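Here the sequence shown is numbered in our numbering, starting from 24 and rising by one per residue.
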Amino acid sequence: FRIFNELKKSSPLAPRCFCNRRVVLTECEYNQKRRICFVCPNFYVDGAKPKCSWFLWAEELAFNRPKYPRHSPLLIDE
24 FRIFNELKKS SPLAPRCFCN RRVVLTECEY NQKRRICFVC PNFYVDGAKP
74 KCSWFLWAEE LAFNRPKYPR HSPLLIDE
């Protein structure tokens, strides 16, 4: 099917961690399985200041409800 649309693509903003940075999406290994999680950008950096321990599995993160559908014509740049 080579179908596509011209509408602007957008995703919800990631939440902020304890050190007030946007968390990043990453892949972790847990019980010998790969899982997707959100972490602070400084989570895996040795010697990072500030060292932040913010961590959440992707399926546990709640996003705010958008004001309009994600593929709405209202998102088109004029």
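Every residue gets a Cβ at the ideal spot worked out from N, C-alpha and C, and that includes glycine.
All values derive from a computational prediction rather than experimental measurement.
Legend entry - Host beta strand (DSSP E) of TYR53 (start-end): Run containing TYR53: 47-53, per the beta strand (DSSP E) assignment.
Legend entry - VAL47 versus TYR67 - alpha carbon distance: Their backbone Cα atoms lie some 11 angstroms apart in a straight line.
Inset, instruction - Would you list the residues sitting across from PHE61 in a DSSP beta bridge? - result: LEU48, LEU79, per the DSSP bridge assignment.
Inset, instruction - Count the CB pairs spanning the region 50-59 and the region 33-40 that are closer than 8 angstroms, and state whether there are at least three. - result: Counting Cβ pairs under 8 angstroms, fewer than three are found: no touch.
Legend entry - C-alpha gap between GLU29 and ASN43, whole angstroms: Distance between the alpha carbons of GLU29 and ASN43: 34 angstroms.
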